[in-house]
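Novice:
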Amino acid sequence: MSSWQLGTINQADELEPILAIEQRSFRWPWGRLSFEGELSCQNACNYIVKSCANGTGEQVVAYAFFRLAADELHLLKIAVSPAWRGHGIATRLLERCFTIRAKQGATSVHLEVRPSNTAAIELYLKLGFEVIGRRHKYYADTKEDAVLMMKNLKEEL
Ligand SMILES: CC(C)(COP(=O)(O)OP(=O)(O)OC[C@H]1O[C@@H](n2cnc3c(N)ncnc32)[C@H](O)[C@@H]1OP(=O)(O)O)[C@@H](O)C(=O)NCCC(=O)NCCS
Numbered sequence: 475m476s477s478w479q480l481g482t483i484n485q486a487d488e489l490e491p492i493l494a495i496e497q498r499s500f501r502w503p504w505g506r507l508s509f510e511g512e513l514s515c516q517n518a519c520n521y522i523v524k525s526c527a528n529g530t531g532e533q534v535v536a537y538a539f540f541r542l543a544a545d546e547l548h549l550l551k552i553a554v555s556p557a558w559r560g561h562g563i564a565t566r567l568l569e570r571c572f573t574i575r576a577k578q579g580a581t582s583v584h585l586e587v588r589p590s591n592t593a594a595i596e597l598y599l600k601l602g603f604e605v606i607g608r609r610h611k612y613y614a615d616t617k618e619d620a621v622l623m624m625k626n627l628k629e630e631l
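Numbering of the sequence shown is given in the numbering used here, commencing with residue 475 and proceeding in unit increments.
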C-alpha cells in the first residue's frame, strides 16, 4: 500500500465502511448494534486503516477492535477489505496497535480464533502469538472450539 494512516472511530455515522468490510469478511458478521456498543464502551479501543492510493481518495481498508481489562488487551475483531489482503496491512495494523498500547501500559494481548481460520492463525503466529489453550464449543453458531492465543507485549516497548 503506497500510503496509509492509522485512525480511530468515535461516531456511529462513521461505521458504514466497516459494516461493508464486515459483511464481506465473516459468515456471521457483527451488526451495527455490536459496533455501536463498542463505540460507547469505556474499555474499548478501535483502530482503522485508511488508504490514500492511486488518487482514489481516502478509504477505510481495515479495522481492529479491542477491549482493555486492566493491563490485558483483548482482540475482538480484525478484518481487512478483501481487495487489500495479502499486502501486510493486518500485520502493520496490529504491530502499530500493540506498540501504542504497550506504551500506555498493556502487557499482553489475548484472542480467540476459529481453528478453521488458517489465515488468521498464521497471521497471529507470525506476530509472535502462542497457543495457550482451547475453549470447547465456544462458537455458538457452529459449535466450533476456539483456539486461545496470547502475546506478551513487553518486547514491543
Ligand atoms: C486474516 C486477515 C485479517 C489477514 O489480513 P492481511 O492483511 O491479508 O494479512 P497480512 O498480509 O498482514 O499477512 C500476514 C501473514 O498472515 C498469514 N496469512 C495471511 N493471509 C493468509 C492466507 N490467506 N492463508 C494463509 N496465511 C495467510 C501469512 O503468514 C502472512 O504472512 P506472509 O505474507 O509473509 O505469508 C484477513 O485475511 C481477513 O480480514 N480475514 C477475514 C476476517 C478474519 O478472519 N479475521 C480474523 C478473525 S479472528
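From the three backbone atoms N, C-alpha and C, an ideal C-beta is built for every residue, glycine too.
Please read all numbers here as calculations on a predicted model, not as lab measurements.
Roughly how many whole angstroms lie between the Cα atoms of C519 and D615?
Specialist: Between C519 and D615, the C-alpha separation is close to 26 Å.
Novice: Kindly examine ligand 1 and report whether one of its heavy atoms sits closer than 8 Å to the Cβ of H584.
Specialist: No, the Cβ of H584 stays beyond 8 Å of every heavy atom of ligand 1.
Novice: Thinking C-alpha only, which one of L507, D487, S499, H584 is nearest F540?
Specialist: Taking only the C-alpha atoms, the option nearest F540 is H584.
Novice: Which stretch, first to last residue, makes up the alpha helix (DSSP H) that contains I522?
Specialist: Counting along the chain, I522 falls outside any alpha helix (DSSP H), though it belongs to the beta strand (DSSP E) covering 518-526.
Novice: Does the beta-carbon of R575 have 16 or more other beta-carbons within 10 angstroms, so that it is buried, or is it exposed?
Specialist: Classification for R575: buried.
Novice: Under the three-state reduction of DSSP, which class applies to R501: helix, strand or coil?
Specialist: The answer is coil: DSSP assigns R501 none of H, G, I, E or B.
Novice: Just how far apart, CA to CA, sit L601 and D545?
Specialist: Distance between the alpha carbons of L601 and D545 is about 19 Å.
Novice: Hey, R559 and Y521: beta-carbon distance below 9 Å or not?
Specialist: No, the pair does not count as a contact, with Cβ atoms beyond the cut-off.
Novice: Among all the DSSP beta bridges, which residues are the ones paired with K625?
Specialist: DSSP lists V583 as partners of K625.
Novice: Could you check if E510 is buried or exposed, using at least 16 other CB atoms within 10 Å of its CB as the buried criterion?
Specialist: So E510 counts as exposed.
Novice: Are the beta-carbon atoms of R506 and A536 separated by less than 9 Å?
Specialist: The answer is no: Cβ separation not under 9 Å.
Novice: Is I552 near ligand 1, judged by its Cβ being under 8 Å from some heavy atom?
Specialist: Yes, the Cβ of I552 comes within 8 Å of a heavy atom of ligand 1.
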